[in-house]
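Using numbering that gives the first Met the number 0, the first residue of the sequence shown is number 0, and each one after it goes up by one.
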Amino acid sequence: MAHAVNKEADALLDKEFKVLDHGFVRLVDYMGTDQAIVQAARVSYGEGTKKVSENRGLIRYLLRHRHTSPFEMVEFKFHVKLPIFVARQWIRHRSASVNEYSGRYSVMKEEFYIPQRSDVRYQSTVNKQGRSEEVVPDEMKDRFLDNLDKSNKESFGQYRQFVDEGLARELARIDLPLSLYTEWYWKIDLHNLFHFLRLRMDSRAQKEIRDYGTVMADIVKTVCPMAFEAFMDYTVNSYSFSGPELKILQGRLTVESLDKDEIVKQGLSKREAAELIDKLRRIKEL
Ligand SMILES: Cc1cc2nc3c(=O)[nH]c(=O)nc-3n(C[C@H](O)[C@H](O)[C@H](O)COP(=O)(O)OP(=O)(O)OC[C@H]3O[C@@H](n4cnc5c(N)ncnc54)[C@H](O)[C@@H]3O)c2cc1C
Numbered sequence: 000m001a002h003a004v005n006k007e008a009d010a011l012l013d014k015e016f017k018v019l020d021h022g023f024v025r026l027v028d029y030m031g032t033d034q035a036i037v038q039a040a041r042v043s044y045g046e047g048t049k050k051v052s053e054n055r056g057l058i059r060y061l062l063r064h065r066h067t068s069p070f071e072m073v074e075f076k077f078h079v080k081l082p083i084f085v086a087r088q089w090i091r092h093r094s095a096s097v098n099e100y101s102g103r104y105s106v107m108k109e110e111f112y113i114p115q116r117s118d119v120r121y122q123s124t125v126n127k128q129g130r131s132e133e134v135v136p137d138e139m140k141d142r143f144l145d146n147l148d149k150s151n152k153e154s155f156g157q158y159r160q161f162v163d164e165g166l167a168r169e170l171a172r173i174d175l176p177l178s179l180y181t182e183w184y185w186k187i188d189l190h191n192l193f194h195f196l197r198l199r200m201d202s203r204a205q206k207e208i209r210d211y212g213t214v215m216a217d218i219v220k221t222v223c224p225m226a227f228e229a230f231m232d233y234t235v236n237s238y239s240f241s242g243p244e245l246k247i248l249q250g251r252l253t254v255e256s257l258d259k260d261e262i263v264k265q266g267l268s269k270r271e272a273a274e275l276i277d278k279l280r281r282i283k284e285l
């Protein structure tokens, strides 16, 4: 099969999609589309079917059953500009290849992330890692934002002065704040990108990294629309239940009344409808 072309995806190349106040995500390159997933899967399943609707069904089957290796055939290379505190969370995803701007080699730019006023919130009392919905008084917002601005300017001024006096850049930079922007190239395959997006688009992730996840999700949706749809259905919008939780649900299930044709009318494929009934029967028999 020839190199897959996706005109909508090609139109995204090299565009900077703005994130936060100074950040962006830029799709530098991609390899493969939905077609690459189908092509790889057919090596294991034989020629099989070829219609678009059947490709969609195959991709959905693969994702639903966690047959993940065909999704590794699609690759994305991004150029990302992001605050260092976001980069620290991001870099924990070890399954990507990264090349970052060097503060030892080059002088850092004077660009800091300053949150929007509406994002300045109290500590959440229910989520130890999150923000509350409670409104922070204007006086406190002003004090917090003014303080950020003042300390950023002071810290960068000192940095610049030491650099100008010839101090090693690798030393001069060590006291710069985590809100300073950095940049990197980040290359990852679709399987691992879905893992990243699942964790970082989630409401429990920090708002700032979530903003990047949302922009990247839109790009993925354009490059591989069928895989992205399956990811939303079977990963983002799905729930798993523990054994004890299923025991609680067991008594409330009425599998007998489920009709396969009725389920199909509600949007599931015949295969998925059969899988749903089978799943519910197995829960009943736990
Ligand atoms: C909301 C949220 C809060 C978090 N809070 C904290 C925190 O307080 N402190 C903290 O330190 N981290 C925190 N993390 C980071 C988290 O623990 C993971 O390190 C991060 O999400 C990367 O996940 P990963 O290891 O699955 O991804 P990747 O590194 O991309 O790995 C993908 C998968 O590959 C496999 N893998 C990769 N490398 C190895 C390896 N060396 N050994 C075994 N398997 C491997 C695993 O199956 C892994 O799931 C948080 C993450 C989130 C989303």
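Even for Gly, the Cβ is constructed at its ideal location relative to N, Cα and C.
None of these values were measured; they are calculated from a predicted model.
CB-CB length for residue i against residue j, believed under 8 Å
{"i": "residue 267", "j": "residue 275", "result": "7 Å"}
{"i": "residue 103", "j": "residue 169", "result": "4 Å"}
{"i": "residue 62", "j": "residue 233", "result": "5 Å"}
{"i": "residue 173", "j": "residue 147", "result": "With 8 Å as the limit, residue 173 and residue 147 do not qualify as a contact, their Cβ atoms being about 19 Å apart."}
Boundaries of the alpha helix (DSSP H) in which residue i is found, first to last residue
{"i": "residue 154", "result": "137-163"}
{"i": "residue 193", "result": "189-199"}
{"i": "residue 243", "result": "242-249"}
{"i": "residue 11", "result": "6-11"}
{"i": "residue 120", "result": "Segment 120-122 is the beta strand (DSSP E) holding residue 120; no alpha helix (DSSP H) there."}
{"i": "residue 273", "result": "269-283"}
{"i": "residue 225", "result": "224-230"}
{"i": "residue 263", "result": "259-264"}
CB of residue i within 8 Å of CB of residue j, strictly
{"i": "residue 124", "j": "residue 117", "result": "no"}
{"i": "residue 154", "j": "residue 177", "result": "no"}
{"i": "residue 187", "j": "residue 75", "result": "yes"}
{"i": "residue 189", "j": "residue 79", "result": "no"}
{"i": "residue 25", "j": "residue 14", "result": "yes"}
{"i": "residue 279", "j": "residue 245", "result": "no"}
{"i": "residue 215", "j": "residue 77", "result": "yes"}
{"i": "residue 221", "j": "residue 35", "result": "no"}
{"i": "residue 181", "j": "residue 86", "result": "yes"}
{"i": "residue 81", "j": "residue 184", "result": "no"}
{"i": "residue 119", "j": "residue 140", "result": "yes"}
{"i": "residue 58", "j": "residue 226", "result": "yes"}
{"i": "residue 19", "j": "residue 111", "result": "no"}
Secondary structure of residue i, DSSP reduced to three states
{"i": "residue 166", "result": "coil"}
{"i": "residue 176", "result": "coil"}
{"i": "residue 127", "result": "coil"}
{"i": "residue 106", "result": "coil"}
{"i": "residue 101", "result": "coil"}
{"i": "residue 206", "result": "helix"}
{"i": "residue 253", "result": "coil"}
{"i": "residue 17", "result": "strand"}
{"i": "residue 211", "result": "helix"}
{"i": "residue 221", "result": "helix"}
{"i": "residue 67", "result": "coil"}
{"i": "residue 60", "result": "helix"}
{"i": "residue 184", "result": "strand"}
{"i": "residue 96", "result": "strand"}
Residue i - containing beta strand (DSSP E), residue span
{"i": "residue 82", "result": "74-82"}
{"i": "residue 23", "result": "22-30"}
Residue i Cβ short of 7 Å to ligand 1 heavy atom set
{"i": "residue 65", "result": "no"}
{"i": "residue 21", "result": "no"}
{"i": "residue 92", "result": "yes"}
{"i": "residue 209", "result": "no"}
{"i": "residue 199", "result": "yes"}
{"i": "residue 128", "result": "yes"}
{"i": "residue 203", "result": "yes"}
{"i": "residue 194", "result": "yes"}
Minimum Cβ-Cβ distance from residue i to chain D less than 8 Å
{"i": "residue 142", "result": "Protein chains in the displayed structure number just one, and chain D is not present."}
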